[in-house]
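Chains as they are written, first to last, in the working numbering: chain F, 1 to 334; chain R, 1001 to 1334. The block underneath contains the structure these notes are about, expressed in structure tokens.
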DNA sequence: CTGAAAGCGCTTACAG
DNA sequence: CTGAAAGCGCTTACAG
């Protein structure tokens, strides 16, 4: 069943069927009705492939998901879901691109074969080779996280500001000895934006507020949390407050503190930058700046569609800075 | 830059360029070299859209992801990643379809417009309207989870067998009063396979082994775990062992038991069906049958590609029944 | 071994 | 208001 068949059954030309479908031209009520009835009766739907070839547009956006190696979280799946839904609402579909060094050929293929009209890059590092390539080709794209390169639109979380505010809040509660629990060491080494900016902002904040501060990276699991806290307590045995941007080790950090006989917040305060889901799934629940995963996904799609529709417009960017929600995990120092 | 341009530059016909690219016809070494050089120099890549239209195949598979409403897990993202990688290895891309009742139009569109050659359905219920539609249209698809309908291939976890084995194991350790922590009530109500079969198998196992048994559904968070355990202890105050198939409430269950002053496994034994990641991210770690998320994703892709390539072949299906791994959370009753 | 041509199923100037 | 025709960029019988 194709457009020619519909035209024949309705006794009109193929262009008339096309225009009834697209609404791009006036069609007399009589023909309109005949065409509509035939389409209705036959269940005909135009081929997306043929339309894409004729229109020169795929109505599909790409989404480069994080590599499988690690760093996966429920929130990232939420993000993927949010992107998929926002795209659907705009009439776009989402093509997944595996990511990571090993998967570079698959990523390149999607771009070079023009399978998508634009692409969202999910975990960008400061000097990202994919960004360089897309920028060189003039291919529309948006990153999650800035890359220090202003050739593209981006959606990001304001880690600098959030860490600064978090430390201020701890200082305001009276804490003088604070530690930062950062993301994994290799992310910091690769200049992954959030890890990089959090470390930087933490360093500046402790100087500015004249605090004792120590930052440690932390692997994404329980034993990572244990090891990280070991290192923190070794360097700073009398630390009274922790700020963590590592969502994946929240459970481990909380249970490890309990194992050390430390109560939250009477013995030690803990403040997080994490999704609400993660901050509330430990006990006690943690005060945190709740990362708005869903909104970020929606915003990334909007930004990309704007790039596609109006490449000459100013680059869209959106910095999210959610407020800290008090859940009682921060108190005065012991 | 298109195939005609390459042909002109190389001084050959467009068909020759096409055959050099596809290798479907012998091309003389001389022409082959000239074409290859021009392609190399120009960075030409054939349009996936044009190829799809001419070949009648998209080299894309669909993946219907679970609705955003709830039930999300890290393991599902792992599954999505595994599907994406396995597909890439076979030269296929993956188109995401949002799912759930609200998103049915987006799902239908992908199928009707033939944007994909086949589709994987991620969370099927026993009477799934998407399955009915796909089967009626003769569209190639594979489900994760059986649906009680044998029109399609599937990949599933043997919840019946696993629950039976789990209960046997608890009985063998001496437990006579056991409880099952199932998935959410609404999943059971919708006859979601895992929840349904777990409840069924549990009922049969306790009768068979002459145990006292009680099953409860559990919401996917901490308060869900608390409420679930409240109900279990109300009905069966002297329960000595729990079997849980609810990965999302593992943290909540463990911390709630601790809050009740119950030690694992000296006061109460806990056995799980969960991914290794989840079973080991609580403390103490839980003995569990480790759900092989990655392999299931890979297998689903293989099954779908087989359906696409050979629709007349026997329906592929694969039942996973991972062994229980002892992590010390099951002991003798107190 | 190679090329000219038809065809995949649409959209959209062009002409009336 | 409508239709015949060209074109999107490929693949693949058909003919030589």
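We treat Cβ as the ideally placed atom computed from N, Cα and C, and that holds for glycine.
Terminal residues of the beta strand (DSSP E) in which residue 1104 of chain R lies: Segment 1104-1112 is the alpha helix (DSSP H) holding residue 1104 of chain R; no beta strand (DSSP E) there.
Of the residues F/303, F/77, F/8 and F/57, the one placed nearest residue 1065 of chain R, counting alpha carbons only: F/77
For the beta strand (DSSP E) containing residue 279 of chain F, list its first residue and its last residue. Careful: residue 279 of chain F lies outside any beta strand (DSSP E), inside the alpha helix (DSSP H) at 276-279.
May I have a chain-ordered list of the beta strand (DSSP E) segments no shorter than 3 residues that lie completely inside the region 1151-1213 of chain R? 1153-1157 and 1177-1182
Can you check which of these residues, R/1256, R/1234, R/1089 and R/1114, is closest to residue 1138 of chain R by C-alpha distance? R/1114
Nearer than 8 Å: is that true of the beta carbon of residue 1236 of chain R relative to any heavy atom of the ligand COA? The ligand COA is not part of the structure shown, which contains no ligands of any sort.
Closest by C-alpha distance to residue 126 of chain F, when choosing among F/193, F/158 and F/317: F/193
Backbone secondary structure at residue 1218 of chain R - three-state DSSP: coil
Just checking: is the beta-carbon of residue 1103 of chain R within a distance shorter than 9 Å of some beta-carbon in chain F? yes
Locate the alpha helix (DSSP H) running through residue 1256 of chain R, then write down its first and last residues. 1250-1259
Does the count of Cβ pairs from the region 1212-1226 of chain R and the region 1245-1252 of chain R closer than 8 Å reach three? yes
For the region 87-103 of chain F, list every residue whose C-beta sits within 7 Å of some C-beta in chain R, in sequence order. 88, 93, 94, 95, 96, 98 and 103
Give me the Cα-Cα distance between residue 1322 of chain R and residue 1156 of chain R, rounded to the nearest whole angstrom. 11 Å
Assign residue 1278 of chain R to one of two classes, buried (16 or more other C-beta atoms within 10 Å of its C-beta) or exposed (fewer than that). buried
Do you know whose CA, among F/183, F/47, F/293 and F/239, lies nearest residue 268 of chain F's CA? F/239
Taking C-beta pairs closer than 8 Å, name the residues in chain R that residue 124 of chain F reaches, listed in chain order. The contacting residues do not exist; residue 124 of chain F stays about 18 Å from chain R at best.
Below 7 Å on C-beta distance, what does residue 110 of chain F contact in chain R? 1093
Where does the unbroken alpha helix (DSSP H) through residue 308 of chain F begin, and where does it stop? 293-309
Taking 9 Å as the threshold (beta carbon to beta carbon), is residue 1129 of chain R in contact with chain F? no
Judging by CA-CA distance, which residue of F/112, F/135 and F/96 is the nearest neighbour of residue 122 of chain F? F/96
Give, in chain order, every residue of the region 279-304 of chain F whose Cβ lies closer than 9 Å to some Cβ of chain R. 280, 281, 282, 283, 285 and 294
Quick one: is residue 991 of chain R near chain F, going by C-beta distance under 9 Å? In this structure chain R extends from 1001 to 1334, so residue 991 of chain R is not present and cannot be described.
Closest to residue 1254 of chain R by C-alpha separation, out of R/1039, R/1228 and R/1236, would be which residue? R/1228
Give the straight-line distance between the Cα atoms of residue 318 of chain F and residue 1030 of chain R, rounded to the nearest whole angstrom. 54 Å
Secondary structure at residue 1143 of chain R, three-state DSSP: helix, strand or coil? strand
Is there a C-beta anywhere in chain F that falls below 9 Å from the one on residue 1005 of chain R? no
Residue 181 of chain F and residue 218 of chain F - do their beta-carbons sit closer together than 9 Å? yes
I'd like the list of long-range same chain contacts for residue 134 of chain F, defined as Cβ closer than 6 Å, with 5 residues on each side in sequence excluded. 141
Please state the DSSP three-state secondary structure of residue 1315 of chain R. coil
Using DSSP with H/G/I as helix, E/B as strand and the rest coil, what is residue 1075 of chain R? helix
Report yes or no: do the region 78-91 of chain F and the region 1082-1091 of chain R share at least 3 C-beta pairs separated by less than 8 Å? no
Taking only beta-carbon atoms, is residue 50 of chain F less than 9 Å away from chain R? yes
So, is residue 314 of chain F buried or exposed, given that buried needs 16 or more other C-beta atoms within 10 angstroms? exposed
Throw me the rounded Cβ distance for the residue 1216 of chain R and residue 1231 of chain R pair, which I believe falls under 8 Å. 5 Å
Hey, would you say residue 1325 of chain R sits closer than 9 Å to residue 1295 of chain R, going by beta carbons? no
For residue 1058 of chain R, decide whether its Cβ has a neighbour in chain F, counting only Cβ atoms nearer than 9 Å. yes
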